[in-house]
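In the working numbering, the protein residues as written are 225 to 484.
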């Protein structure tokens, strides 16, 4: 007696907006083409042609969506990625200073920073020499399209074994780690202190980086600090919590003090 084998048909999108199987496979694998998606759906029992899959892909997405591919690159290489950028700070005399910094992606550590009133490509190369005295574990550098990051800068990086990865035009989200650090630095210290001059600003940011590395916790680091701040259990029932001022009491760290 012949046995009928049930097959699945190519379903439409759920009217409630839920993702159907073909939508999940098609949009969840940005590097897959129609042949591979067709094969995967066949393994689930769907009966349809490869041409139907190809037509569907043209409707729902561009193959290799740039945003998804960029985010996948950041996730898969975070331990080998660094980024650098500039931001500006006005002084008490309305002089504009340029702050340059290099940040690693994995632990959000600031590898190098400096301040100058007159940035140039030659000055940037010198900063990179100081930030990367040897090859180290890093392989990729994210930078924007600022004209100061010219062929001299990218040539130095390539000679050091670093591959430059430029962000797209007007796409600061592609260098989100650096952009978030700039925002944190402004909100947590620069909005509270007016820099008097270049030397003063260098000291302010240097002190902030020390706090940022040792004390400040980060959601992206599972509530840890870049330099791995240890949990301090209460040492005894009578111990009291103490406040340890940081950055002129703008911020605090907390610990335990044994009872007298």
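Backbone N, C-alpha and C fix where the C-beta goes; we use that ideal spot for every residue, glycine too.
Can you tell which of the options has its C-alpha closest to the C-alpha of residue i?
i: residue 410; options: 312, 271, 394, 305; result: 312
i: residue 426; options: 388, 321, 459, 378; result: 321
i: residue 385; options: 304, 394, 463; result: 304
i: residue 416; options: 474, 345, 269, 356; result: 474
i: residue 406; options: 326, 392, 381, 454; result: 326
i: residue 282; options: 256, 301, 266, 299; result: 256
i: residue 299; options: 392, 444, 453; result: 444
i: residue 337; options: 354, 346, 344; result: 354
i: residue 418; options: 291, 319, 261; result: 319
i: residue 358; options: 383, 428, 429; result: 383
Using a Cβ-Cβ cutoff of less than 6 angstroms, which residues in the same chain neighbour residue i once the five nearest sequence positions on both sides are dropped?
i: residue 310; result: 322, 324
i: residue 441; result: 447, 449
i: residue 381; result: 365, 388
i: residue 374; result: 345
i: residue 361; result: none
i: residue 403; result: 396
What do you get for residue i, buried or exposed, if any count of 16 or more other CB atoms within 10 angstroms of its CB means buried?
i: residue 242; result: Confidence is the limiting factor: at residue 242 the pLDDT is only 49, short of 50, which leaves the residue's position unreliable, though a coordinate-based value still follows. Classification of residue 242: exposed, given that the 10 Å Cβ count is below 16.
i: residue 478; result: exposed
i: residue 399; result: buried
i: residue 393; result: exposed
i: residue 271; result: exposed
i: residue 268; result: exposed
i: residue 328; result: buried
i: residue 275; result: exposed
i: residue 379; result: exposed
i: residue 339; result: buried
i: residue 469; result: exposed
i: residue 351; result: buried
Which same chain residues, not among the five before or five after residue i, have their C-beta less than 7 angstroms away from its C-beta?
i: residue 421; result: 315
i: residue 467; result: 476, 478
i: residue 220; result: Only positions 225 to 484 of the chain appear in the structure, and residue 220 is not among them; the question remains open.
i: residue 471; result: 413, 431, 432, 435
i: residue 458; result: 480
i: residue 456; result: 479, 480
i: residue 451; result: 437, 438
Roughly how far, in whole angstroms, is the beta-carbon of residue i from the beta-carbon of residue j, given that I think they are within contact range, below 8 angstroms?
i: residue 258; j: residue 278; result: 4 angstroms
i: residue 483; j: residue 401; result: Contact flag wrong, Cβ pair sits at about 42 angstroms.
i: residue 302; j: residue 437; result: Not confirmed; about 18 angstroms, so no contact.
Starting from the C-beta of residue i, find all residues in its chain whose C-beta is less than 8 angstroms away, skip the five residues before and the five after it, and write them out in chain order.
i: residue 391; result: 366, 367, 368, 369, 398, 399
i: residue 453; result: 438, 439, 441
i: residue 372; result: 310, 343, 344, 345, 348
i: residue 376; result: 345, 346, 349
Scan the segment 290 to 364 and note each continuous alpha helix (DSSP H) run of 4 residues or more that stays entirely inside, going in chain order. 290 to 300, 345 to 355
Suppose only complete runs of 4+ residues qualify. What are the alpha helix (DSSP H) ranges in the segment 396 to 433, listed by chain order? Qualifying alpha helix (DSSP H) stretches, in chain order: 400 to 409.
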